[in-house]
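**Q**
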Amino acid sequence: MQAIIEQFRPILVQIATPYNMGGTGFFLQSLQLIVTNEHLVRDNREVIVEAETIPRQIARIVYWDAYFDIALLRLETTYDLPAREFRTEDEPQAGDQVLAMGHPFGLRFSSTIGNLSNTRRTQDDFYYYQHDAALNPGNSGGPLVDKNGLIIGVNLFDIEEGHSLGFSLPAVFTLETIHAYLDAKNTAVAARCISCRKVIFAPEKKTHYCPNCGAYLLLPTETEEFEPIGTPYTIEQLLTELNHDVRLARRGLNTWEINEGSARILISYHEDSGLITGDAHLCRLPADNLGELYAFLLRENYQDEGLTFSVKGRDIILSILIYDRYLEVESGKKRFQHLFERADYYDNLLVEGYGALWKYE
């Protein structure tokens, strides 16, 4: 199975939106499309994507399907990545070994092995595959693969406290969805009406209704663009003035991720407490010679009143703390710029001068 995992790593895509940390998708080389779950991208026109082989960027939602819980994303440029195929010649059987994979933002690449327990878990006019390959947080939208490396389904969800009870949409319905979308021009935007099940392509005039049955239907292009308000607006304004693309930084509501040199900084706003935190996870503690390193961190905490070093587990973290009532764009810019610059400085210093270990996700 390890060989199969390595074959899929280049095409597994991390997905995030302004509303959530998202989950996983996978890139189809022949179609230049990313397949994921509709519930991960709902209420957005575009999402943030990144993979080992695809730099972080914005992807357009060109199709969503709440009935099958499938969405298709398109990138602005083409990529030459390994081609992985769907299993189409026959259906898998109960007892077959399967592999579920995912790579969400903020979490490590994960893969779990299990077995199909039911290949006909019916719902409405279609069925799911039920399996016991645990779907870790963020694995939703990733591929379910057989022992030959063929995609047999798309991971949808698991049941909490369900003892590794997971469900995936079979390849036959995934391909049906893709082919229905491809009936239109390559640049079209479409959605499946959950009432009449017909795939509807974007009309010249927005109506918000299915022209076939009259049910309410919202296409990706008809979704309102995300606009932050209040404190999140101020945070995004100061990040923009610091030359960071906030669209690429968003990691769900009230969370942003900034890359500054070799440092990664996570900014969070906690509405209930009014606290804004900026945490740079710099590196990890070494196994030996901790005394000199701890002494350095304590000295720096005393000398730099604006920033604080802490250790969580084995992670060395550099943090900033601001109350929302005191946040203004100009003063906030200075404090966050100071955090960004010092984070990029300290991670190298700790690794090269004190034997700390680089932190790899």
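Just so you know, this note's numbering puts 340 at position 330 of the sequence shown, and the rest follows in order with no gaps.
The C-beta atom is built at its ideal place from N, Cα and C for all residues, glycine as well.
Values in this document were obtained by computation on a predicted structure and should not be read as measured data.
#1: Hey, out of His141, Ser120 and Arg294, whose CA is closest to Gly6's CA?
#2: From the DSSP output, in three-state form, read off Asn128 for me.
#3: Who are the Cβ neighbours of Pro28 in its own chain at under 6 Å, not counting the five residues just before and after it?
#4: Rounded to whole angstroms, what is the Cα-Cα separation between Ser150 and Leu300?
#5: Following the continuous alpha helix (DSSP H) through Val256, name the residue where it begins and the one where it ends.
#6: Please report how far the alpha carbon of Thr88 lies from the alpha carbon of Glu267, in whole angstroms.
#7: With three or more beta-carbon pairs closer than 8 Å as the criterion, would you say the segment 314 to 328 touches the segment 219 to 226?
#8: Could you check where the alpha helix (DSSP H) with Tyr89 kicks off and where it finishes?
#9: Residues in the same chain with beta-carbon distance under 8 Å from Glu171, minus the five sequence neighbours each way, listed in chain order, please.
#10: Helix, strand or coil, according to DSSP, for Asn10 in the structure here?
#11: Would you kindly report the start and end of the unbroken beta strand (DSSP E) that includes Gly288?
#12: Since Val45 sits in a beta bridge, which residues does DSSP pair it with?
#13: Helix or strand or just coil, what does DSSP make of Ala273?
#14: Quick one: grab the DSSP three-state call for Glu171.
#15: The alpha helix (DSSP H) with Ala305 in it runs from where to where?
**A** Quick answer:
#1: Only positions 11 to 371 of the chain appear in this structure, which leaves residue 6 out of reach.
#2: The residue labelled residue 128 in the question sits at position 118 within the sequence shown. Looking at Asn128 - three-state DSSP - the assignment turns out to be strand.
#3: By 1-based counting over the sequence shown, the position of residue 28 is 18. Excluding residues within five positions, the ones whose Cβ falls inside 6 Å are Phe236 and Arg260.
#4: The count along the sequence shown starts at 1 and reaches residue 150 at position 140. The count along the sequence shown starts at 1 and reaches residue 300 at position 290. Each residue's Cα considered, the two are about 40 Å apart.
#5: Position 246 of the sequence shown, counting from 1, holds the residue named residue 256. Counting along the chain, the alpha helix (DSSP H) containing Val256 begins and ends at Val256 to Ala259.
#6: Position 78 of the sequence shown holds residue 88. Position 257 of the sequence shown holds residue 267. Cα to Cα, the separation comes out at about 26 Å.
#7: The answer is no - the segment 219 to 226 does not touch the segment 314 to 328, with fewer than three Cβ pairs under 8 Å.
#8: The residue given as residue 89 occupies position 79 in the sequence shown. Element bounds for Tyr89: n/a, residue is neither H nor E.
#9: For the purposes of this step, residue 171 is taken as the residue at position 161 of the sequence shown. In this predicted model, Glu171 has a pLDDT of only 48, less than 50, meaning its place in the structure is not dependable enough to derive any value.
#10: Residue 10 cannot be examined here, being either before or after the span of the chain that is shown, 11 to 371.
#11: Counting from 1 along the sequence shown, the entry for residue 288 is found at position 278. DSSP places Gly288 in the uninterrupted beta strand (DSSP E) bounded by Leu285 to Arg294.
#12: Taking the first residue of the sequence shown as position 1, residue 45 is located at position 35. Paired residues: Phe36 and Leu82.
#13: Here residue 273 corresponds to residue number 263 of the sequence shown, with the count starting at 1. If DSSP states are grouped into helix, strand and coil, Ala273 belongs with the strands.
#14: Mapped onto the sequence shown, residue 171 falls at position 161. Low local confidence applies: a pLDDT of 48 at Glu171 is under 50, so the model's placement there is unreliable, and no value is given.
#15: By 1-based counting over the sequence shown, the position of residue 305 is 295. It spans Leu300 to Gln313 - the alpha helix (DSSP H) in which Ala305 sits, taken as one unbroken run.
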